[in-house]
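> This is the structure I want to talk about, given as structure tokens.
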Amino acid sequence: MEKVPSTHRFQVAKVEFATEINDEEDNSDANYVLPNGSTEPGNGTVDSVDVNSSELSNDTYGQNHNSYTAYGTQSKTFGRNTVEVLPHLDHYRNLLSATSPLKARPTLAELHEEKDEMDRQKQREPLLADAEAPPESPKIPEAAVKFGWIKGVLIRCLLNIWGVMLFRRMAWVTGQAGIGLATLIVLLSTAVTVITALSMSAIGTNGTVRGGGAYYMISRSLGPEYGGSIGVIFSIANAVAVAMYVVGFAETVRDLLRDHGAIMVDEQNDIRIIGCITVTVLLVIAIIGLEWETRAQLVLLAVLLIAIANFVVGTFIPPSERKLARGFVGYRGDVFVSNMKPDFRDGQGFFSVLSIFFPAATGILAGANISGDLKHPQKDIPKGTLLAIACTSFSYLFIIWLLGATSLRESTGSLVTVASLGGLDVLNNTVENSTLLTTTTLPTVVLSNTFENVGNCSLAKNGVCRFGLLHDYQIMEVISGFGPLITAGIFSATLSSALASLVSAPKVFQAVCKDKLFPRVTFFAKGYGPSENPRRAYVLAYIIGVGFILIGDLNSIAPIISNFFLMSYMLVNYACFDNSLAKSPGWRPSFKFYNMWLSLVGALLCITVMFIINWWTALITFAIAAVIFLFIRYRKPDVNWGSSTQAHVYRSALLSTLKLAHLEDHIKNFRPQVLVLTGFPCNRPELVYFVNSLTKKISLMICGHIIEGADSETLRQYRRYQKGYVTRWLNKRKIKAFYSVTTATNYRQGARGLMQTAGIGKLKPNILMMGFKSTWITDEPTNMDTYLSVIHDAFDCDYGVGILRTPERLFSEDPDMQPEDLNIHEEDEKNYDGHVHTADAMGDEVTPALTPMRRQSTPEVEPQDIELQTIENVNHLFERSLSKVENSLIFNKKQKGTIDVWWLFDDGGLTLLVPYILQTQSLWKNCGLRVFTAGTKRGELGREQKQMAQLLSKFRIECQDMTIITDVGKLPQEKTKQEFNELMKGMILDEDNGETPEEFPWKTSEDQMLLLKEKTNRMIRLRELLQEHSKDASLIVMTLPVPRKGTCPSSLYMAWLETLTRGMPPVLLLRGNQQSVLTFYS
């Protein structure tokens, strides 16, 4: 292929391709030209496209090319019928941000599944919900005005940087700091802005930049917390900057009025009056539209450049007596040397002068702030901003050196009349135009306005100089070739900067409001016209500006916004550093002239300058940012921008997990890490809440979900369940858990797979938690057998096992939420707690909102053909319906009473550790522990109590009561035995009628009943003791009996569990893996 030159970072070869053939045309006759130059049968012509052009045609493949959509027909890629499509920009756009129909690449399922199945899917699953689907014939909106890098960035930054400080404070900065330190102040400010501009360029070229400027870049880089903080602060800073520039303009007008004796009220109030009138006029210009504002900026820039040139020319004109009296002496080496050193006055110092000058360098984000109105923000922002910094920094240094070489620090300001015969006593009179003021007592002489005299403040009125670099804010006008042009330049600099800030503040705040990070601010997000002009936000910025204009003092306003801008620059630099440090594959800026460590230095430099300028203002700025940061973090806005914070969380979690994997286990660090078989978690919220109260903030919880069925069906369900709905459901309820879904041909295989593969490294479960199978009597006997097999598998995998039973069945579903509400068929009632059976006769897909089983109290509903809804609508229905269920739950509320621990056998201490951990959690902290344990002999009760008390003391576990049960081995009552025998009806193997263990493996033979008679009696007796001692407990934690393989059938084991838990308070049957989890060694 032929190479074409490109200035872009991607050097892409020139691409040649053939245009698409119209569907109506026959493609069997003509030759179709492929990208490699070969031909295929088809009809098409070859076009050449420069891929570096940012203005791509609406259809890269050809005018009539139809890429794949869920509604359309197959496309013709390479002249062939196929659902495959070529790469296209639309495929990578945000679907919900589209204002017109977009091209879409086919999904993996659409390429991989059988065609008949996908045709059925396309008929019932639209690409977008009806509310989100684009109109069939969208109206073409009026095109918004877009600016290039010169008008949009360079000119705007130049005018914003060349603000009020250029003509009103540069002489003062030079007089206070001297040429040397003034140069250092400019270079230090330039260093901050250049580093920030480099960081901003890197961030701005790492993807499409939309409206919002610095806020958009920071929020998408560091997350909504940082972005929201800086968005508010930066908006306020720009609004306050409006006041600063307008006050500078008002000072100039006030001086003109004073010179002509036309003061309206007094000097201070005149500034306020003029400032309020000026900012009102600027508001009207801004509201009219950005295009008119840009035209005004061009005129103002021309005036400003003429004024600067006028000043430079004036320095070469020999000074007149009037100019000499005001301190301008022309180029003199001795003046240059004298002005090189600092001469701080009135309590000023290097950093206070820096604080007043620094706002003159803060206009670098003026172009970025209207990023949404730029043609190519990724290219325009770096180019225009860096060039503007170079031009303005050079001009500042040039003006400082010119002022220092041509002007005195202090000047008398007029011709002076002096008495000569009395030792040249100074008269407190000034002479205008060499007029002699005579006295009746002393002979007099007139001193001419020479260089030596104008610099001698003892000759000034009252011995105080009122002119020169230190005192005369209008000295640049004096030096210039034509003074009114400097006044026009001041007007231009102040008004242009004020106008730019008045546009920037609302634009940034509008972007913040559109992201809905704060409540009740969407009112200011509304835009008007094709450019989305934020008129409401303009009014808000106007009100803030007027408030600060009423201060009326330029030197008081400047330090306030210095720290606000420095905070913005600090976060821009930190965002670049943080993105680079995170090493996310998504960090690929096309701007390469940046360095992560230089960005870090820039961020630290900004912080240092903030505190040096004014430490208490810096603290206030950080406090405001911290309050906003914490508010947004607490509010948790539903946004996901792929920030570097997320990349850091992943990276730190990965490194910590790898580090943890190399550490040896220790008993003291044991934590109960629970794999809980919840199925779809919202179907068993009681089980989820209980385990969460055990593991919250201290250990691992994984909600296991087993989808049972044929591979082709279950894999599709697996993809749907992985969409993230469950994670959002858990997060909304502040449940700290992971969700793991797996597919299997049967429940046991799925549970075994989860136990073997769930977790990573040392973050793997060590306890399997299940809900009690309350339907074991009426359910399919094979399911009961499978349930016991899972317990066997858990012990084989070295897991502890917990079984939770509550008075109500663990499965929960609102009766009002019928299957047709969710457009999903009803599941088989025979499915047991802990898994979801998804394969049924209908063969339809099940969405993540599926409630796989229904309580027996729920009336049967006939399946209906209902149109499928979107995931979001299903989620909304689910949230609304589950709220009623959750109000009736037990374990999501604070508990009172006691936790009764029946530690019957030593399992390593897990039966004792789990209730202790529960007691430390907020929901259970009001419950006391009562420990019950079995005794051996009645006569040794005191010794056994002492031993148990000593053991609990060594474990440092406090209990409010401890009881030794000595009659556990006592035979149970006949009534309780009879209840047990009722449970076993139909569960005894009838060998007389030919039943065999192979045919009915779940049934219990007479031999097994006889073999396990003693253990059965113990279970029955334990029920009697539970009813006697723990009937009113909030929770019972009891040692789970271990079923021996090949000896205890599933029916007998389930009868044991039923006997222990039926009609009791919530019961947790728990058994460790016989390894110690408690130790009394330090």
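Residues in the sequence shown are numbered consecutively from 130, following this note's numbering.
Note that CB positions come from ideal geometry on N, CA and C, so glycine has one too.
(1) With distances taken Cα to Cα, identify the nearest neighbour of Lys788 among Thr334, Ile889, Trp744.
(2) In whole angstroms, what is the alpha-carbon distance linking Leu700 and Lys825?
(3) Would you kindly check if the distance between the Cβ of Thr915 and the Cβ of Arg881 is under 7 Å?
(4) Taking the beta carbon of Ser1180 as the centre, do at least 16 other beta carbons fall within 10 Å, making it buried, or is it exposed?
(5) Residue ranges of each alpha helix (DSSP H) run of no fewer than 4 residues wholly in the region 269-343, ordered along the chain?
(6) Quick check on Thr1223: does DSSP put it in helix, strand or coil?
(7) Rounded to whole angstroms, what is the Cα-Cα separation between Val369 and Phe677?
(8) Identify, in the order they occur along the chain, each residue of the same chain with its Cβ nearer than 6 Å to the Cβ of Gln305, setting aside the five sequence neighbours on each side.
(9) On the premise that Ala640 lies in contact with Ala344, defined as a C-beta separation below 8 Å, what is that separation, rounded to the nearest angstrom?
(10) If we ignore side chains and look at the alpha-carbon of each, how far apart do Thr444 and Leu433 end up?
(11) Assuming the contact rule is C-beta atoms closer than 8 Å, Pro471 and Gly715 should be a hit. Round their C-beta distance to whole Å, please.
(12) To the nearest whole angstrom, what separates the beta carbons of Ala923 and Met346, a pair I think is in contact under 8 Å?
(13) Between Arg387 and the rest of its own chain, which residues show a CB-CB distance below 7 Å, the 5 nearest in sequence each way excluded?
(14) Please report the distance separating the alpha-carbon of Ser697 from that of Ala732.
(15) For Thr616, collect the residues of the same chain with a Cβ closer than 8 Å to its Cβ; drop the 5 residues on either side in sequence, then sort them by chain order.
(16) DSSP on Met373, reduced to helix/strand/coil?
(17) So Glu539 is in the beta strand (DSSP E); what residue range does that whole segment cover?
(18) Confirm, please, whether the CB-CB distance from Leu598 to Arg538 is below 7 Å.
(19) Short of 8 Å in beta carbon distance, which residues of its chain neighbour Met469, apart from the five on each side in sequence? Order them along the chain.
(20) Cα separation between Tyr427 and Leu283?
(21) Indicate whether Glu1187 and Leu1100 have their beta-carbon atoms separated by less than 7 Å.
(22) Measure the alpha-carbon distance for Thr1029 versus Thr872 and round it to whole angstroms.
(23) With a cut-off of 8 Å on the beta carbons, I'd call Asp644 and Arg455 a contact; round off their distance for me.
(24) Return the chain-ordered list of same chain residues with a C-beta closer than 7 Å to the C-beta of Glu991, the five sequence neighbours on each side being excluded.
(25) In the DSSP assignment, the alpha helix (DSSP H) including Asp914 goes from what residue to what residue?
(26) Report yes if the CB atom of Cys642 is closer than 7 Å to the CB atom of Ala654, and no otherwise.
(27) Answer with buried or exposed for Ser1051, where buried requires no fewer than 16 other C-beta atoms within 10 angstroms of its C-beta.
(28) By Cβ distance below 8 Å, which residues in the same chain neighbour Tyr847 in space, the five residues on each side in sequence not counted?
(29) Within 10 angstroms of its Cβ, does Val778 collect 16 or more other Cβ (buried), or is it exposed?
(30) Measure the C-alpha to C-alpha separation of Lys712 and Ser785 and round it to an integer number of angstroms.
(31) Could you tell me if Asn798 is buried or exposed, where buried requires 16 or more neighbouring beta carbons within 10 angstroms of its beta carbon?
(32) State the CB to CB distance for the pair Val1206 and Ile796, rounded to an integer number of angstroms; the pair is presumed to be in contact (CB under 8 Å).
(33) Thinking C-alpha only, which one of Val464, Gln1107, Val650, Gly336 is nearest Gln507?
(34) Should Tyr667 go down as buried or exposed, given a rule of 16 or more other Cβ atoms within 10 Å for buried?
(35) Taking 7 Å as the threshold (C-beta atoms), are Ser625 and Leu429 in contact?
(36) Mind checking who Val803 pairs with in its DSSP beta bridge?
To lay it out plainly:
(1) Locating residue 788 in the sequence shown gives position 659, counting from the first residue. Ranking Thr334, Ile889, Trp744 by Cα distance to Lys788 puts Ile889 first.
(2) Along the sequence shown, one-based indexing puts residue 700 at 571. Along the sequence shown, one-based indexing puts residue 825 at 696. Approximately 33 Å between the Cα atoms of the pair.
(3) On the sequence shown, residue 881 is found 752 positions in, with the first residue counted as 1. On the sequence shown, residue 915 is found 786 positions in, with the first residue counted as 1. No, the pair does not count as a contact, with Cβ atoms beyond the cut-off.
(4) Within the sequence shown, numbered from 1, the residue matching residue 1180 stands at position 1051. With 16 or more Cβ atoms within 10 Å of its Cβ, Ser1180 is classed as buried.
(5) Positions of the alpha helix (DSSP H) runs, each at least 4 residues long and wholly inside the region 269-343, are given as 284-290, 293-297, 299-333 in order along the chain.
(6) Residue 1223 is absent from the structure shown; the chain starts at 130 and stops at 1211.
(7) For the purposes of this step, residue 369 is taken as the residue at position 240 of the sequence shown. For the purposes of this step, residue 677 is taken as the residue at position 548 of the sequence shown. About 6 Å.
(8) Residue numbering aside, residue 305 sits at position 176 when the sequence shown is read from its first letter. Excluding positions up to five away in sequence, the list reads Phe473, Gln477, Val482.
(9) What you label residue 344 is simply residue 215 of the sequence shown in a count that begins at 1. What you label residue 640 is simply residue 511 of the sequence shown in a count that begins at 1. Here residue 344 turns out to be Tyr, not Ala, going by the sequence shown. That pair is a contact at about 5 Å.
(10) Residue 444 sits at position 315 when you count from the first residue of the sequence shown. Residue 433 sits at position 304 when you count from the first residue of the sequence shown. Going by the C-alpha atoms only, they are around 17 Å apart.
(11) Locating residue 471 in the sequence shown gives position 342, counting from the first residue. Locating residue 715 in the sequence shown gives position 586, counting from the first residue. About 48 Å; that fails the 8 Å criterion.
(12) Within the sequence shown, the letter at position 794 stands for residue 923. Within the sequence shown, the letter at position 217 stands for residue 346. Their Cβ separation, rounded to whole angstroms, is 51 Å, which puts Ala923 and Met346 out of contact at 8 Å.
(13) Locating residue 387 in the sequence shown gives position 258, where the first residue counts as 1. Excluding residues within five positions, the ones whose Cβ falls inside 7 Å are Glu396.
(14) Residue mapping note: residue 697 aligns to position 568 of the sequence shown, counting from 1. Residue mapping note: residue 732 aligns to position 603 of the sequence shown, counting from 1. If I take the Cα positions, the gap works out to 10 Å.
(15) Counted from its first residue, the sequence shown places residue 616 at position 487. The residues are Thr381, Leu385, Glu606.
(16) Residue 373 sits at position 244 when you count from the first residue of the sequence shown. Residue state, collapsed to three classes: helix.
(17) Here the question's residue 539 lines up with position 410 in the sequence shown. Run containing Glu539: none; DSSP gives neither H nor E here.
(18) Position 409 of the sequence shown, counted from the start, is the residue given in the question as residue 538. Position 469 of the sequence shown, counted from the start, is the residue given in the question as residue 598. Closer than 7 Å, so yes.
(19) For the purposes of this step, residue 469 is identified with residue 340 of the sequence shown, where counting begins at 1. Correct list, in chain order: Gly307, Ile308, Gly309, Gly533.
(20) The residue labelled residue 427 in the question sits at position 298 within the sequence shown. The residue labelled residue 283 in the question sits at position 154 within the sequence shown. The sequence shown places Leu at residue 427, not Tyr. For Leu427 and Leu283, the distance between alpha carbons rounds to 11 Å.
(21) Counted from its first residue, the sequence shown places residue 1187 at position 1058. Counted from its first residue, the sequence shown places residue 1100 at position 971. No, these two residues do not count as a Cβ contact at 7 Å.
(22) Locating residue 1029 in the sequence shown gives position 900, counting from the first residue. Locating residue 872 in the sequence shown gives position 743, counting from the first residue. The question names Thr, but residue 1029 in the sequence shown is Asp. Straight-line Cα distance between these residues: approximately 38 Å.
(23) If you number the sequence shown from 1, residue 644 lands on position 515. If you number the sequence shown from 1, residue 455 lands on position 326. Incorrect: roughly 53 Å between the Cβ atoms, too far for contact.
(24) Here residue 991 corresponds to residue number 862 of the sequence shown, with the count starting at 1. For Glu991, the predicted model reports a pLDDT of 32, less than 50, meaning its position is unreliable; a value from the coordinates is still stated below. Hits under 7 Å: none found.
(25) Locating residue 914 in the sequence shown gives position 785, counting from the first residue. Taken as a continuous stretch (DSSP letters only), the alpha helix (DSSP H) holding Asp914 covers 910-925.
(26) Within the sequence shown, residue 642 is the residue found at index 513, counting from 1. Within the sequence shown, residue 654 is the residue found at index 525, counting from 1. Going by C-beta atoms, Cys642 is nearer than 7 Å to Ala654.
(27) Translated into positions along the sequence shown, residue 1051 becomes position 922. With fewer than 16 Cβ atoms within 10 Å of its Cβ, Ser1051 is classed as exposed.
(28) To locate residue 847, count along the sequence shown from 1; it is residue 718. So the qualifying residues of the chain are Ile836, Val870, Thr871, Thr872.
(29) Along the sequence shown, read from residue 1 onward, the residue named residue 778 stands at position 649. Classification for Val778: exposed.
(30) Residue numbering aside, residue 712 sits at position 583 when the sequence shown is read from its first letter. Residue numbering aside, residue 785 sits at position 656 when the sequence shown is read from its first letter. Roughly 17 Å separates the two Cα atoms.
(31) Working through the sequence shown from its first residue, we reach residue 798 at position 669. It counts as exposed.
(32) In the sequence shown, residue 1206 corresponds to position 1077, counting from 1. In the sequence shown, residue 796 corresponds to position 667, counting from 1. At roughly 7 Å, the Cβ-Cβ gap stays under 8 Å, so Val1206 and Ile796 are in contact.
(33) Your numbering for residue 507 matches position 378 in the sequence shown. For the residues Val464, Gln1107, Val650, Gly336, the minimum Cα distance to Gln507 belongs to Gly336.
(34) As a position in the sequence shown, residue 667 is number 538, starting the count at 1. Tyr667 is buried by the Cβ-count criterion.
(35) The sequence position of residue 429 within the sequence shown is 300, counting from 1. The sequence position of residue 625 within the sequence shown is 496, counting from 1. Taking a C-beta distance under 7 Å as the contact criterion, Leu429 and Ser625 qualify as a contact pair.
(36) Locating residue 803 in the sequence shown gives position 674, counting from the first residue. Beta-bridge analysis with DSSP links Val803 to Met830, Ile896.
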